[in-house]
Amino acid sequence: MNRNELRKADINLMVVFETLMLERNVTRAAEKLFLGQPTISSALNRLRAMFNDPLFIRVGHRMEPTARAEELFRHLSPALDSLSVALSLTHQFDPAVSNMTFRIGLSDDVEFGLLPPLLRALRQEAPKVVFVVQHVDYWRIPDLLAAGDITVGISQTRGLPANAKRKLLRHIQPSILRADASDSPLTLDEYCSRPHVLVSHTANISGYADEWLAEIGRTRHVVLSVPQYSALPALLAGTDLIASLPDYTAEAMAASGRLFKEPFPFKTPMLDLSMVWLSHVDSDPAERWLRSRLEAFMSERPLTAP
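Each residue of the sequence shown is one higher than the one before, counting from 1 in UniProt numbering.
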């Protein structure tokens, strides 16, 4: 390899190229990089001259990459990851004085049940640090990580990119939440006969519990589907409605004393909550600190743990 060729390269141009490959749109690339559209257009013209290729061809509102651009991206993206790792080794991170902005992805149940105790601790440890939280689920995490919209996500996970790292934080114990107190938990018959509220980000009226019930030949009656867990306390209050949700979310909601958490009346499969990030931020001191705090407060341990 002739490394003298690197003298002709502009890292900023490479970052613009990578962003255009991910966004396929000049406007979105400009917004992502906090630059003006003319700056992105100028950078694209320089890239075309550098590689002697159009790189992108407009198709409708999208910019489709040429075969040459696809080949460049396969080589360039890992190289930029490696460069990010190398540069991260040149600085240290002090949470007490840092004013960095961290972008994290949390599923709705995690945000309600596990974020508050973490945030209370971090306000003491890192008072100037800014956290931007985006909603994620197992469908959105890969795209948000690849686009750089988040650097770490916590949710249930399924398919992940090849360069993703995953750490199991806890096993999820499904729980029931109800507004009417009782000395004894619901029986299976009572669980099936009561009206249910389902939390579904995709507006479904069936979920995991319905699949589990079907395996034992039972059904339940969902009368309401809502998009987020935070609505449950107000919706359940003063009704006979019940909801099924992760144990840590149910525990946080029951802490007010107005709702009551109890176990499922039948055996359920094990669900996992995991933390996911990409390999290029693995060694970054700031990201390592962030992941250590997320693990400390969101792993399988009491919510009141220091």
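Just so it is clear, CB atoms sit at the ideal spot from N, CA and C, and this is done for glycine as well.
Annotated three-state conformation of ASP10 is coil, per DSSP. Annotated as distal: PHE73 and LEU177, with beta-carbon spacing of 9 Å or more. Residue state for TRP139 is assigned as coil, using DSSP reduced to three classes. Taken in chain order, the complete alpha helix (DSSP H) segments of 4 or more residues contained in the segment 19-53 are 26-33 and 37-51. DSSP places THR249 in the helix class (H, G or I) of the three-state scheme. Between ALA179 and GLU23, the CB-CB gap reaches or exceeds 9 Å.
DSSP places MET298 inside the alpha helix (DSSP H), whose first and last residues are 285-298. The Cβ-Cβ distance between VAL222 and LEU198 falls below 9 Å. Sequence-distant partners of SER41 (beyond 5 residues in either direction) whose C-beta falls short of 8 Å from its own C-beta, in its chain, are VAL26.
By the Cβ rule, the segment 131-149 counts as touching the segment 102-109, because three or more pairs are nearer than 8 Å. In the structure shown, LEU271 adopts extended strand secondary structure according to DSSP, grouped into three states. Per DSSP, GLY153 lies in no alpha helix (DSSP H); the unbroken beta strand (DSSP E) holding it starts and ends at 152-155.
Distance between VAL132 and LEU168, taken at the CA atoms: about 22 Å.
With 16 or more other Cβ atoms inside 10 Å of its own Cβ, ILE154 counts as buried. Scanning its chain for C-beta atoms nearer than 6 Å, with the 5 sequence neighbours on each side dropped, one finds around LEU224 the residues VAL197, in chain order. One Cα belongs to ARG158, the other to ASP272, and the distance between them is close to 10 Å. By the beta-carbon neighbour count (other beta carbons within 10 angstroms, threshold 16), GLU190 is exposed. Taking a 10 Å sphere around the C-beta of LEU114, we find 16 or more other C-beta atoms and assign the residue as buried. Short of 7 Å from the beta carbon of ARG170, and not among the five residues preceding or following it, lie these beta carbons of its own chain, in chain order: LEU273, SER299 and GLU300. In the three-state reduction of the DSSP assignment, SER175 falls in the strand class. When DSSP states are grouped into helix, strand and coil, PHE112 belongs to the helix group.
Taken through DSSP and simplified to helix, strand or coil, ALA164 comes out as strand.
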